[in-house]
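Undergrad: In the numbering used here, the protein residues as written are 936 to 999. Cβ atoms here follow ideal geometry from the backbone N, Cα and C, with glycine treated the same way. Since the model is a prediction, treat every value here as computed from it, not as a measurement.
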Amino acid sequence: MLSCARADTLQTGMRGEFGKPLGTCATVAIGQVLLSVRRMDCNSHHAQEALIELSLSSPDAKRL
């Protein structure tokens with residue numbers, strides 16, 4: 936279906952419009968380990984803070 940818009944342009948409406956891809960994703964199974972951290976005992980606090988900051992930027996539920 937064609938219709939006229941302002942400035943003598945033609946538009947077809949939303950037919951065939953699905954948006955643009957924003958990025959890529961991975962298929963992950965339930966319970967699959969996504970990240971593993973090795974650390975020394977003296978650095979455990981820093982590793983925990985880094986993982987908490989990382990989890991805040993992730994949109995899904997997570998368990999540390």
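Mapping DSSP to helix, strand and coil, what is residue 967?
TA: The answer is coil: DSSP assigns residue 967 none of H, G, I, E or B.
Undergrad: Are the beta-carbon atoms of residue 982 and residue 974 separated by less than 9 Å?
TA: Yes, Cβ-Cβ distance for residue 982 and residue 974 is below 9 Å.
Undergrad: On the DSSP letters alone, give me the boundaries of the alpha helix (DSSP H) that residue 1000 sits inside.
TA: As displayed, the chain neither begins before 936 nor continues past 999, which places residue 1000 out of reach and without an answer.
Undergrad: State the Cα-Cα distance for the pair residue 978 and residue 988, rounded to the nearest angstrom.
TA: Roughly 16 Å between the two C-alpha positions.
Undergrad: Taking only three categories from DSSP, how would you classify residue 976?
TA: Here residue 976 sits in helix by DSSP.
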